[in-house]
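Visitor: Quick note: the sequence shown, position 784, residue 784 per full-length UniProt numbering, numbers continuous.
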Amino acid sequence: MVGDDGVNPGERGGSGARAERDVNLTGTNVAGRDFNVSVMLPRGPQDARFTLPRDVAGFTGRTEQIARIEKEVGSAPLPPILVISDGPGKGKTALAIHVAHRLAERFPDAQLHLCLGGEELPELTAAEALGSLLWALGVDRADLPSNVDDRAALWRSQLRDSRALIVLDNAMSVRQVEPLLPASPGCAVLITTRYALTDLEGTRAMSLHRLADAEAAALLESLVGAERAVAEPEAVRLIVELCGGLPLALQVVGSQLRRPARSRMALADFASRLADENTRLSLLRTRDREVRASFALSYQVLSDEARLVFRRLSLLRVPSFEPGLQEALVGDDPTDGCEELLDAHLVEPAGVDRISFHDLIRLYARGCADEEDTADEREAALNRAYAWCFAQARVWQDDLVRMDAERPLLTDVVRQAAETGRHDVAAGLAALLTPLLEAHNLWAEWLELDELVVESAAALGDRAALGQALNDLAHVYRLVRRTSEAAGTARRAVAECRAAADDRATAAALVQLGIIHREMHRYQGAVDHLGEARDILHALGDRAGEGSVLKDLAHALLWQRRPVESAETLRKAVELLADSSDRTNLAWAYANLVSAYGYMWQEAEALEAYENARRVFTEQDNRQGNAWADNHVGIVHRQAGRLAEAESCHRAALETFRELDDGYGIGWALLYLGLVRRDASLIEDARASFDRIGEANGHAWTLVWTAELTEDPALIPSAVAEFEEIDNPQGIGTALSVQGDLLLADGDRDGALRAYEASLPYLRRAHDTHREADSLRGLARTKD
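(1) Can you check which of these residues, Pro349, Ile693, Asp579, Val347, is closest to Arg482 by C-alpha distance?
(2) Can you name the start and end residues of the beta strand (DSSP E) that Thr193 belongs to?
(3) What's the C-alpha gap between Leu447 and Asp472?
(4) Suppose the cutoff is 7 Å on Cβ atoms and the five residues either side in sequence are ignored; what does the same chain contact list for Gly751 look like?
(5) Taking the alpha-carbon positions, what's the His521 to Leu409 distance?
(6) Which of the three DSSP states is assigned to Ile84 in this structure?
(7) Count the other C-beta atoms from every protein chain shown that fall within 10 angstroms of the C-beta of Asp86, then say buried if there are 16 or more, exposed otherwise.
(8) Comparing alpha-carbon positions, which option in Ala393, Phe690, Phe357, Arg749 lies nearest Gly244?
(9) Relative to the C-alpha of Leu190, which candidate in Arg141, Arg102, Ser272 has its C-alpha closest?
(10) Less than 8 Å between the CB atoms is what I'm expecting for Leu134 and Leu124, so what's the real figure, rounded?
(11) Is it true that the CB of Ala474 sits closer than 9 Å to the CB of Leu466?
(12) Quick check on DSSP: helix, strand or coil for Ile166?
(13) Going by C-alpha to C-alpha distance, which of Val616, Val738, Glu722 sits closest to Thr710?
(14) Are Ala567 and Ala587 closer than 9 Å when you measure CB to CB?
(15) Output needed for Tyr523: all residues of its chain with C-beta closer than 6 Å, excluding positions within five of it in sequence on either side, in chain order.
(16) Please classify Arg204: does DSSP put it in a helix, a strand, or coil?
(17) Would Trp601 be called buried (16 or more neighbouring beta carbons within 10 Å of its own) or exposed?
(18) Excluding five sequence neighbours on each side, which residues of the same chain lie with their C-beta closer than 6 Å to the C-beta of residue 786?
(19) Hey, would you say Leu703 sits closer than 9 Å to Ser718, going by beta carbons?
(20) Since Ala375 is in the alpha helix (DSSP H), which residue starts that stretch and which ends it?
(21) From the DSSP output, which residues share a beta bridge with His113?
(22) If you scan the region 222 to 280 from start to end, which runs of the alpha helix (DSSP H) of 4 or more residues do you find wholly inside it?
(23) Between Ala606 and the rest of its own chain, which residues show a CB-CB distance below 6 Å, the 5 nearest in sequence each way excluded?
(24) Return helix, strand or coil for Phe357, following the three-state DSSP convention.
(25) Go ahead and pull the three-state DSSP assignment for Pro179.
(26) For Ser775, collect the residues of the same chain with a Cβ closer than 7 Å to its Cβ; drop the 5 residues on either side in sequence, then sort them by chain order.
(27) Looking at C-beta atoms only, is the number of pairs between the region 375 to 384 and the region 227 to 243 that lie closer than 8 Å three or more?
(28) If you check the beta carbons only, do Leu436 and Leu400 fall under 9 Å apart?
(29) Tell me Phe321's beta-bridge partners as DSSP assigns them.
(30) By Cβ distance, which residues of its chain are closer than 7 Å to Asp336, with the 5 residues on each side in sequence left out?
(31) Do we get a CB-CB distance below 9 Å when we pair Thr656 with the residues of chain B?
(32) Could you tell me the boundaries of the alpha helix (DSSP H) in which Gly598 lies?
(33) Between His517 and Gly663, what straight-line distance do the alpha-carbon atoms span, to the nearest angstrom?
(34) Between the C-alpha atoms of Val527 and Asp727, what's the straight-line distance to the nearest angstrom?
(35) For Gly733, count neighbouring Cβ atoms within 10 angstroms of its own Cβ and tell me buried if that reaches 16, exposed if not.
(36) Give me the Cβ distance between Ala94 and Phe59, rounded to the nearest whole Å; I'm assuming they're in contact under 8 Å.
Structure below.
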């Protein structure tokens, strides 16, 4: 597959230098139109009935299409006429010629090839085309009728009772092609075209589209050699991706890499050059072939309206364009222009009412926009598109299913806006996407977008925007358990927000820092930061914001084993959040109340809080929140001795966490399930889950409970060391208390006494009165 449609230009038919283009003969390695002539044509009759260009050596791919064409040709009662259509560079000509050679034995009377137009060739009229075809059958030029109808009649007469195969390459219109179609049932016609020839009756249509990845890789391997391709499979994959599976582009890459100067170049180095969008099309050219020129042929024949739509759509780098976005970019009704582009295969259908670009065609269209439109026109189009995205994203926030369907579009807009310095757009759309990304645990995408927003804000020198962006990034770092990065980023966020004198943003950054301190088990630091944030928001009169902070403050108090204060704080949070639109934080406040009440053994209140949490999380389609509520209430059931109910809750949580690929949730659900079932193997699975995500606190707790279940005090020193590393006094105290229990059970009263006594300062520091009471009872038993 070579040339624009996969044929070497030296083998493709073309026009000679003469003004009269009625007849062309087939030659070899000489310039010319359809039959490659290098001399002035004589006036006498000639017979050039077998004019197929040579087959493409090592033709690769298109197996399904080849089989279909061969089947169609063999089964049609009338002359089978197959139209192979698609955009530039898809390998239409190569496929037609390859199949024609495979079918040649079925058509012993004639095998004709005629090129009807091309990149550097004027379009043949039907009369000119018929003149060339009739000359090939031996009709003297002097005997050619003067009008097209008579030539068409003579053409059909010449083919009567014949078995002939005609390849009409690069057809431009129905008017051009229709007179060339034979009537004899023994004939067959293969037509290649860039256009939708839907008015051509009695034909069968076939679209090629881009090559599948495996076919494209096989083609590239055949061009550069198996040794180079096998040595660099990742580079082959990347080149295929950057070429979008376009046969012409891959052929040009192959030609480039076979040049003496590049015959030893690493494929990865060439892929790196190709990755630059600004120079990709310039790299995809050789002396005889150029991807850009192939696209230009289709673009130049469009109407002014379609050309404008083509250029405007290229300004936004998104997967597809729905009608509203099309209109926003164009600034007017784009329907007719889009339909013309679809007919010309310069855009592709992408579902109902949507269209999309091939990446290389989009790059070409963007180049046209840069050359033909002013900077003000391009900026105005983008501003309209950005405004449309904001308006739609706000609507879609109430429908997370629709928001998720449009997520690829919105995230690509965020990426483009950040890369081009439109921080307002990048930050605004990223914020609107946050509820979806959080609810569906789309960590990698969320992290990427927030890092882009930080870079954009820093480049603009906007301290307020940078503080907000850093705070958002710290939040995601925290969620993916990159705790040290989260803490450092949150401290930067607080500093930037304070420097910008933005009280509300400062409060938000303090909340983030407080939560991070809590998760690092620095509970007093968490209480201090969250308390300062609450005071700021209270002074601002922000009831919903204050309620959200109280929810987090209560969580820190609970970790300090201050359940009465925690529950009181959570009830206040629920009161403030209940009449706000912040349903997500309301749900988490209820979920944390489950734990606070459970800690105080207030079972009825805990179950009521659980039902409220489930109700609001379900309204928000927040599966992760529901899973944590299940985990919390499972602990309540275990405390009450309802082990079956506890197991059911933890298993439901585990299933959801696994579906969400939430390693942190998986670890805790397995740990709780192991405690319910008294199954050390489940706790071992929890430890493996924590190991995979680097969760030190969870890992240390699995050592404690494995030691208890297996009655193995040797695990305790490792647990204590891990808790000391993350400064978790409750964990240290609990581990030492469990060690005392195990040593006492083994009859080592002195060792147990030392363990119990060592546990007390840590448990008191952590305000863990329940475990402190256990240690005190243990101490008493050592003295019995």
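Virtual Cβ for every residue (Gly too), placed ideally from N, Cα, C. All values reported here derive from a predicted model rather than from experimental measurement.
Guide: According to the data block:
(1) Taking the sequence shown and counting its residues from 1, one reaches residue 482 at position 482. Per the Cα distances, Ile693.
(2) Taking the sequence shown and counting its residues from 1, one reaches residue 193 at position 193. For Thr193, the enclosing beta strand (DSSP E) covers residues 188 to 193.
(3) Start at 1 with the first residue of the sequence shown, and residue 447 comes out as number 447. Start at 1 with the first residue of the sequence shown, and residue 472 comes out as number 472. Going from the Cα of Leu447 to the Cα of Asp472 covers about 9 Å.
(4) The residue labelled residue 751 in the question sits at position 751 within the sequence shown. Cβ within range, chain order: Leu743.
(5) For the purposes of this step, residue 521 is taken as residue 521 along the sequence shown, with counting starting at 1. For the purposes of this step, residue 409 is taken as residue 409 along the sequence shown, with counting starting at 1. Cα to Cα, the separation comes out at about 39 Å.
(6) For this step, residue 84 is matched to residue 84 along the sequence shown. Residue state, collapsed to three classes: strand.
(7) The residue labelled residue 86 in the question sits at position 86 within the sequence shown. Burial call: buried.
(8) Here the question's residue 244 lines up with position 244 in the sequence shown. Taking only the C-alpha atoms, the option nearest Gly244 is Phe357.
(9) Numbered from 1 along the sequence shown, position 190 holds the residue referred to as residue 190. Out of Arg141, Arg102, Ser272, Arg102 has the C-alpha closest to the C-alpha of Leu190.
(10) To locate residue 134, count along the sequence shown from 1; it is residue 134. To locate residue 124, count along the sequence shown from 1; it is residue 124. Not really, about 13 Å apart at Cβ, beyond 8 Å.
(11) For the purposes of this step, residue 466 is taken as residue 466 along the sequence shown, with counting starting at 1. For the purposes of this step, residue 474 is taken as residue 474 along the sequence shown, with counting starting at 1. Result no, Cβ atoms of Leu466 and Ala474 do not sit closer than 9 Å.
(12) Position 166 of the sequence shown, counting from 1, holds the residue named residue 166. In the structure shown, Ile166 sits in a strand (DSSP, three-state: E or B).
(13) For the purposes of this step, residue 710 is taken as residue 710 along the sequence shown, with counting starting at 1. Distance from the Cα of Thr710 is smallest, within the candidate group Val616, Val738, Glu722, for Val738.
(14) Along the sequence shown, read from residue 1 onward, the residue named residue 567 stands at position 567. Along the sequence shown, read from residue 1 onward, the residue named residue 587 stands at position 587. No, Cβ-Cβ distance for Ala567 and Ala587 is not below 9 Å.
(15) Stepping through the sequence shown from its first residue, residue 523 is reached at position 523. Here the set comprises Ala556, Trp559, Gln560.
(16) Here the question's residue 204 lines up with position 204 in the sequence shown. Here Arg204 sits in strand by DSSP.
(17) On the sequence shown, position 601 is the one that residue 601 refers to. Classification of Trp601: exposed, given that the 10 Å Cβ count is below 16.
(18) Any property of residue 786 remains undetermined from this structure, which presents the chain solely from 1 to 784.
(19) As a first step, residue 703 is located in the sequence shown; it is residue number 703 there, counting from the start. As a first step, residue 718 is located in the sequence shown; it is residue number 718 there, counting from the start. Yes.
(20) By one-based count along the sequence shown, residue 375 stands at place 375. Where Ala375 is concerned, the enclosing alpha helix (DSSP H) stretches over 375 to 396.
(21) Within the sequence shown, residue 113 is the residue found at index 113, counting from 1. According to DSSP, His113 shares a beta bridge with Val167.
(22) Listed in chain order, they are 226 to 231, 233 to 243, 247 to 258, 267 to 274.
(23) Along the sequence shown, read from residue 1 onward, the residue named residue 606 stands at position 606. Within the same chain, and ignoring the five residues on either side of Ala606 in sequence, the residues whose Cβ sits closer than 6 Å to its Cβ are Val594, Tyr597, Gly598, Val636.
(24) If you number the sequence shown from 1, residue 357 lands on position 357. Looking at Phe357 - three-state DSSP - the assignment turns out to be coil, as it is neither helix nor strand.
(25) As a working note, residue 179 is residue 179 in the sequence shown. Pro179: helix per DSSP, three-state reduction.
(26) Counting from 1 along the sequence shown, the entry for residue 775 is found at position 775. Correct list, in chain order: Ser737, Gly740, Tyr756, Ser759, Leu760, Leu763.
(27) No, because fewer than three Cβ pairs between the region 375 to 384 and the region 227 to 243 fall closer than 8 Å, the two stretches do not touch.
(28) Walking along the sequence shown from the start, residue 436 turns up at place 436. Walking along the sequence shown from the start, residue 400 turns up at place 400. Result yes, Cβ atoms of Leu436 and Leu400 sit closer than 9 Å.
(29) Locating residue 321 in the sequence shown gives position 321, where the first residue counts as 1. Note: Phe321 sits in a beta bridge opposite Ile355.
(30) Sequence index remark: in the sequence shown, residue 336 carries index 336 (1-based). Taken in chain order, the residues that qualify are Glu305.
(31) Reference to chain B is not applicable here, since this structure consists of a single protein chain.
(32) As a position in the sequence shown, residue 598 is number 598, starting the count at 1. Per DSSP, Gly598 belongs to the alpha helix (DSSP H) from 583 to 599.
(33) Position 517 of the sequence shown, counting from 1, holds the residue named residue 517. Position 663 of the sequence shown, counting from 1, holds the residue named residue 663. Cα to Cα, the separation comes out at about 21 Å.
(34) Looking up residue 527 in the sequence shown gives position 527. Looking up residue 727 in the sequence shown gives position 727. Spanning the two alpha carbons is a distance of roughly 16 Å.
(35) The residue labelled residue 733 in the question sits at position 733 within the sequence shown. The residue in question, Gly733, is buried, as its Cβ has 16 or more Cβ neighbours within 10 Å.
(36) Position 94 of the sequence shown holds residue 94. Position 59 of the sequence shown holds residue 59. About 7 Å separates the two Cβ atoms, so the contact holds.
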